[in-house]
Every structure is written in C-alpha cells, then in structure tokens.
Amino acid sequence: MSVATLSHITVRYGRRVALSDLDVEIPEGSVGLLGPNGAGKTTAIKALMGFVKPASGSAHVLGMDATRQAMHIRAQTGLMPEADCAFPMMTAVAMVAYAAELAGIPPAQALRRAHETLEYCGLGEARYRMVDGFSTGMKQRVKLAQALVHSPKLLFLDEPTNGLDPAGRDAMLRLIRDLSHDMGINVVLSTHLLPDVERTCDRVIVLRAGKLAAEGALSELKALGSAYVDVELRMPDDGFEAQVLRRGGAIVSHLGSHYRVRIPTDVEDAALFVFGCAEESGAQVRGLRPAARSLEDVFVEAIE
C-alpha cells in the first residue's frame, strides 16, 4: 500500500525542469530518496507537501491531493527541512510547542507534547536553552522534534545528518530507524549519503535529472543487474583496465593491484571475462572472487 504518489508530475522553476513526468509510488515503511545534487529530491518533497505547483501531473499524500488539500496534508505529515529553521531568541521547548500549535494542537497540549518529544530526541536537559546557542547536532534534533511533535503518519527527512560528526550521525540514524521500525511511522529519507539509507531504509527510489532512475526493495535491487568480481593482479596493470573498458565492463574501484570489476550484463561467465582481459593485456591474475553488489553499485548504475 502506498502512502504517497507522484503521478506523471512535471515541476518547473522558470525554464529549468526540476521534475520531468515523474511517476512513482511511495510505499509504507522506510524509503530512501536518492539522487545526485539537482536530481529533484527536495522538489519531490515540496510537491508532495503542496509547496510547489506542478506544471502537469499530480501529487497525492495519504489519499489527499497536494494542490487542493495541502493544509490537511501538512497536519498529518512532518517535515524536517535541510535548511535551518530556528527562530532567534527562542528556547527549544517554545519552538517545538509552537510547531505543535501550527498543526492545530491546543497550547497546553502542545507544550506537554513538546517536552515529551524533546526528551525522546535526546534534548530533555537542553529544552529551556536558546536554540541559537545549540551545536549543529542539537539543532538537527530540534528540527526532528518539530517534525514529530504532532504525531504525523508520514515523515519527510531532508538530509537529516548534514553537518553531524560521526557520533551525532550515528545517534540520528538510530532515531530514524526507531521511528520507522519500532514506532511504525512512515519515513521518506532524502539524502546523498548511501550508508545512511542502508542503515535505515527497506526500499529506495533513485532520481536522475528529475526522472525515475530506479526503485525497489534494497535486497531486490542488490540482487539484480550486473555482476561484480574482486580481482588481484600480480602488479597494477593499465592494460588490464583498458581491456575491461574495451569489452564493456568497468573498473569500480582500484587500490594497488586490487580491482573491483563490473561485468557486462550480457556476459554469462565472469571468470572467462576477467581472464580474457588479462590474456589480452599480458596481466597475471593472482586471485578472483565474486563481490556482493552494494547500494553504491545500484546507485552508480542507475545514474549513469
């Protein structure tokens, strides 16, 4: 079952096309929204929230039309934007309570929820401090609390780990994982950091130049597509690399005499392909083993 859909939607900013006839469903659960910079990830979220008007097509969230029912959608969804949204000279609890009131929650209840949500996000002891003086990691947690305080059915997170140190990033990802897998909140995580998606999401949607490049369950996408092998040569060999490329393969990574090779999809025997490249170039193969297909491999193939 889907929680949101983009139906043949096109969004333009002046002459620039941000989304081009994008047609995709966002299923329940945790979904990673991937793509290089400028692929249309943030615009897709804005279209679903009703912040931009499409030139054609439509967007629906929780069964509601994003153009005609945007306010109703925002009352049932949460958005953690990439940009800072802190008000100057306001405490964390006041800020989160204000977000709850904007969602239609009465003031007394909004304040109670703000305390509870900040505690959940790890800011219980800092809730009376001014947000201006918070670290980047603390500000990110305040943004998450604002998005959560009204108990949304669907949560949009736009680059939630931006600017975080390793410890802060790990804590944020554990929170996101808990929201989707333990609390049952549907999550759309927009990011360019593939490891973040692998830790928190079950499915991915990949955008390229405003169009759909790939979608599906992580496990399924990793199982499909090209095969990969790890090759060890006696010594580094430029001729071997050239032969791989000439025959339609690719060198995914290279460190010293160790190569990760992407095998062309029309090749049935990866070992024969590698030894053929080595024979033509005069390289000597010392080791060869299959390599697991990673999300990075899926992503690179999708945006090529």
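The opening residue of the sequence shown carries number 782 in this note's numbering; numbering runs sequentially from there.
Every residue, glycine too, gets a C-beta built ideally from N, C-alpha and C.
None of the values given here were measured: they were computed from a predicted structure.
Local conformation of residue i per DSSP, three classes
| i | result |
| --- | --- |
| THR872 | strand |
| LYS934 | coil |
| ILE966 | coil |
| LYS827 | helix |
| ARG1074 | coil |
| TYR879 | helix |
| GLU1060 | helix |
| ASP959 | helix |
| ALA948 | helix |
| ARG922 | helix |
| ALA820 | coil |
| VAL842 | strand |
Run of the beta strand (DSSP E) containing residue i, from where it starts to where it stops
| i | result |
| --- | --- |
| GLU786 | For the sequence presented, residue 786 should be read as Thr rather than Glu. It spans 783-794 - the beta strand (DSSP E) in which THR786 sits, taken as one unbroken run. |
| GLU1085 | Per DSSP, GLU1085 belongs to no beta strand (DSSP E) and is neither H nor E. |
| LEU803 | 797-808 |
| VAL833 | Premise fails: VAL833 is in no beta strand (DSSP E) and is neither H nor E. |
| SER811 | 811-815 |
Residue(s) in a DSSP beta bridge with residue i
| i | result |
| --- | --- |
| VAL1066 | LEU1014 |
| LYS992 | ARG989 |
| TYR1040 | VAL1012 and HIS1035 |
| SER916 | According to DSSP, SER916 bridges with nothing at all. |
| MET861 | LEU938 |
| ARG984 | VAL812 and ALA998 |
| SER1007 | Per DSSP, none; premise fails for SER1007. |
| MET911 | THR872 |
Residue range of the alpha helix (DSSP H) that includes residue i
| i | result |
| --- | --- |
| SER1000 | 999-1004 |
| ILE854 | 851-857 |
| VAL1025 | 1019-1027 |
| VAL978 | 975-981 |
| LEU899 | 888-901 |
Whole-Å CB distance - residue i paired with residue j, under 8 angstroms assumed
| i | j | result |
| --- | --- | --- |
| PHE1021 | ALA1059 | 6 angstroms |
| PRO862 | LYS822 | No, PRO862 and LYS822 are not in contact; Cβ-Cβ is about 12 angstroms, not under 8 angstroms. |
| LEU815 | VAL985 | 6 angstroms |
| VAL792 | ALA820 | Wrong, their Cβ atoms sit about 13 angstroms apart, outside the cutoff. |
| LEU975 | PHE1080 | 6 angstroms |
Chain D contact for residue i (CB, 8 angstroms cutoff)
| i | result |
| --- | --- |
| ALA1083 | Reference to chain D is not applicable here, since this structure consists of a single protein chain. |
Closer than 7 angstroms: residue i CB and nearest the ligand SAH heavy atom
| i | result |
| --- | --- |
| VAL923 | Summarising the ligand content, the structure contains no ligands, and the ligand SAH is consequently not present. |
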